[in-house]
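Numbering (this note's numbering), first residue to last: 3 to 397.
All C-beta atoms in this analysis are idealised placements derived from N, C-alpha and C, irrespective of residue type, glycine included.
Below is one structure, written out as structure tokens; comments come after it.
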């Protein structure tokens, strides 16, 4: 068989397959009645057969990522640093618990893929005790990792079965040390993929490691200005069927974290338009400005009960508005960005197949006027061919 030159890049999303060669990119809406492997090979088998397995690179967001609970000693260092590393490893954080409040903290009802315990500097121990051990007994989790002060490590190992102990992510200068925890979480993600038969079957197609799509996109960001007319600093919104990811340049962070990464990422697992539709609607109804936004779009809340193309457009626009709110000072979230300093907003993912540039710019203008009371308008760039993902997929 004559193999094609170059690489074949495949992205398995929650809604679409994206397949890219050196000179061609195509998308296919997934058939959810078939396995991913069968659906992909039926639709794209002719292209796949032209490439050697070593030249096929696959990334996936279809398995939803890992759910994570973080227990930390302080908001300023422990929780913030661990959250930063987890998000950049493609992990979904379902909750954080401040250790001083642990005896009153609610117990998550769902299975947690990984619990992260963090806190203290290496010269100070006796941070964690019975309250932590008692709390963990009530949680259903698959993995647990300790990345706190080294003086408590022995006690932690003695009291928590099967815990992985890694070096402290907080150094003596209160800087972040991320590599060990990031590697651990990335490996857990790979194990999760291997445990999902639908994704595991794809190793029949590729001879390379399958990565999470957000990890690939984050790796791509320093290369974006080679493909697009992006003016720094910029943010990238990846809005799809299950989640909304935001990737941002570190110089946009108001409370900067000392880290090696030039770009960081946040994921909003409940702001998707298809699989997370109900939670997106719930978030919209909880936002005091959405009523005014719906009026601006000439619709009422009845649109939430509608499943038409128009309703999908409205939900996509709401996803843009809500994620910008979460990054602004209006909403006290994990991190706030200097949104008035942004020169470009790049949109990628399924949203670019639904909304026009004018519809996107209308929402961004509404946000900047209503929430930030500003006439500032970043340039909007639509990655309609989903080309950003391809820049980092085989690098």
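Take the alpha-carbon of residue 128 and the one of residue 140: they are about 22 angstroms apart.
Inter-residue distance for residue 218 and residue 24 is about 18 angstroms (C-alpha atoms, whole angstroms). Within its own chain, the residues whose Cβ lies closer than 6 angstroms to the Cβ of residue 56, once the five positions on either side in sequence are excluded, are 209, listed in chain order. If you draw a straight line from the Cα of residue 391 to the Cα of residue 282, it comes to about 25 angstroms.
Assigned with DSSP and collapsed to three states, residue 115 falls in strand. Pairing residue 148 with residue 176 gives a Cβ-Cβ distance that is not under 8 angstroms.
Residue 14 is a Cβ neighbour of residue 60, given a cutoff of 8 angstroms.
The beta carbons of residue 393 and residue 250 sit no closer together than 8 angstroms. Excluding its 5 nearest sequence neighbours in each direction, residue 301 has C-beta neighbours in its own chain below 7 angstroms: 316, listed in chain order. Fewer than three pairs of CB atoms, one per stretch, sit closer than 8 angstroms, so the region 304-315 makes no contact with the region 199-207.
The C-beta distance from residue 322 to residue 241 rounds to 7 angstroms, short enough to fall under 8 angstroms. In the DSSP assignment, residue 11 falls within the beta strand (DSSP E) that extends over 10-14. With the rule of 3 Cβ pairs closer than 8 angstroms, the region 80-93 counts as touching the region 180-187. Per the C-alpha coordinates, the member of 78, 102, 155 and 200 positioned closest to residue 32 is 200. Contact between residue 81 and residue 98 is confirmed by a C-beta separation of about 5 angstroms, below the 8 angstroms threshold. Here residue 319 is not bridged, per DSSP, to any residue. Residue state for residue 29 is assigned as strand, using DSSP reduced to three classes.
With fewer than 16 neighbouring CB atoms inside 10 Å of its own CB, residue 342 falls in the exposed class.
In the structure shown, the three-state DSSP call for residue 20 is strand. Looking at the DSSP output, residue 350 bridges to 240. Taking C-beta separations shorter than 6 angstroms and ignoring five residues to either side along the sequence, the partners of residue 384 in its chain run 349, 354 and 359, following chain order.
Here residue 201 carries a helix assignment [DSSP, helix/strand/coil]. Rounded to the nearest angstrom, the gap between the Cα atoms of residue 118 and residue 193 is 17 angstroms. Under the DSSP assignment, residue 90 falls in the alpha helix (DSSP H) whose first and last residues are 82-90. With at least 16 other beta carbons inside 10 angstroms of its own, residue 380 counts as buried. For the 8 angstroms CB-CB criterion, residue 73 and residue 134 form a contact.
The C-beta of residue 20 has 16 or more other C-beta atoms within 10 Å across all chains shown, which makes the residue buried. Across the structure, residue 187 and residue 27 are spaced so that their CA atoms are roughly 31 angstroms apart. The C-alpha of residue 75 is placed about 6 angstroms away from the C-alpha of residue 100. In the three-state scheme derived from DSSP, where H, G and I count as helix and E and B as strand, residue 37 is classed as coil.
Under the DSSP assignment, residue 292 falls outside any beta strand (DSSP E), being part of the alpha helix (DSSP H) whose first and last residues are 292-298.
Under a 10 Å Cβ-count criterion, residue 131 is classified as exposed, with fewer than 16 other Cβ atoms of the shown protein chains found around its own Cβ.
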